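When the letters of the sequence shown are read in order and numbered with the numbering used here, they come out as residues 2 to 152.
Where is the CB? At the ideal position from N, CA and C, for every residue including glycine.
Quick caveat, the model's predicted, so the values are computed rather than measured.
Please read the structure below before turning to the comments.
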Amino acid sequence: MNNLTKFGLSGVLSAIFFVFATVVFFIPEARVGLREFFSPPERKILSVASGRIFPDNSGRVVKLFTPKGLVLEIFSLGENQNEQLIDRIELTDKRDAHIQFQGRATNLALKDMDNDQVFEIIAPSYDSSLIPKLNIFRFNKSSNRFEPYIE
């Protein structure tokens with residue numbers, strides 16, 4: 002109790018704040034935890050593309066940024082423009098990227114790569130070393146899911 006009266010309550014609170022700030026500054030996990038505590042996880046729409054991505058009808062692709070990283074959500078467009086979630090793909094890379102596509106910069110594109118009259122999904126990204134990666138997915142009718150496109 003003698004130290005409390007010597008430094009006062011404000012001195013003790015200042016010391017606690019200093020220790021807390023030092024821990025947050027030097028430990029990245031503590032920074033992330035503190036940031037997540039004050040800002041709840043959210044989804045941010047980065048881009049939307051619509052087109053014939055299924056053999057029998059059109060669909061819509063939404064590229065999202067989530068706390069876990071980049072995500073593609075693929076919807077089927079039914080009658081009356083009703084959307085049904087068909088697939089959700091979590092990209093391995095966490096950073097969004099842009100490409101030059103048909104004279105315009107975009108971070109999500111649809112293109113028929115194999116001339117089967119169905120568009121493939123092109124979603125560029127950067128890995129942790131900022132090396133660009135082109136993620137290309139196409140619809141597999143037998144599994145009813147989108148799979149990486151490999152020539």
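Taking 8 Å as the cut-off, the beta carbon of Gly70 is found no closer than this to the beta carbon of Leu111. Ranked by how close their Cα comes to the Cα of Leu78, the residues Thr67, Leu65, Gln101, Ala50 have Ala50 in first place.
Ser48 sits close to Leu109, with the two beta carbons spaced by under 8 Å. By the Cβ neighbour-count rule, Phe27 is exposed, with fewer than 16 other Cβ atoms within 10 Å of its own. According to the DSSP assignment, Glu84 belongs to the beta strand (DSSP E) that extends over 84-91. Within the same chain, and ignoring the five residues on either side of Val24 in sequence, the residues whose Cβ sits closer than 8 Å to its Cβ are Ala31.
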